[in-house]
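This report concerns only the one structure given below.
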Amino acid sequence: MPVDLYREADRYILTADLPGVDSESVDIDVDGQLLTIRAQRTAPHTEGAKWLVQERPAGTYLRQFSIGEGVDSANISASYDNGVLSLVIPVSEKAKPRKIHVLSQHSPQE
């Protein structure tokens, strides 16, 4: 299962090619810091057919990713369109870059 993963503003985008996979067979789990994508592609069942060439793979696809503590795993969303699975993985508030302002204390001279 080939994937692309990139960061865009305050979220990560993961896309995975799953051609010929029924969306009902896609299973996405988060267990702690481990994101798992599973999908099943079944071969066509043609009764009495004599295969001349059968190159399209069938079976289970599995990919796992360590997502770390910097993501908001409770708000991961997924969609599947034209054989491409897309996950939006938000960056957690505590992991977002932030500006720290320096306060100046003016001490009076004696």
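Counting with the UniProt record's numbering, you get residues 1 to 110 for the letters of the sequence shown. Backbone N, C-alpha and C define an ideal beta-carbon position, used for all residues, glycine too.
(message) Can you look up A74 in the DSSP assignment and give me helix, strand or coil?
(response) Here residue 74 refers to the residue found at position 74 when the sequence shown is read from its first residue. A74 falls in the helix class under three-state DSSP.
(message) Quick check on V102: buried or exposed, where buried means 16 or more other Cβ atoms within 10 Å of its Cβ?
(response) The sequence position of residue 102 within the sequence shown is 102, counting from 1. For V102, the number of other beta carbons within 10 angstroms of its own is below 16, and it is reported as exposed.
(request) Could you say which of Q33, S92, A43 lies nearest to R56 if we only look at CA atoms? (result) Position 56 of the sequence shown, counted from the start, is the residue given in the question as residue 56. Per the Cα distances, A43.
(message) For R63, which residues in the same chain have their Cβ closer than 6 Å to its Cβ, ignoring the five residues on either side in sequence?
(response) Sequence index remark: in the sequence shown, residue 63 carries index 63 (1-based). The residues are M1, I37.
(request) Please name the residue or residues paired with P19 in a DSSP beta bridge. (result) As a working mapping, residue 19 is identified with position 19 in the sequence shown. None, per the DSSP bridge assignment.
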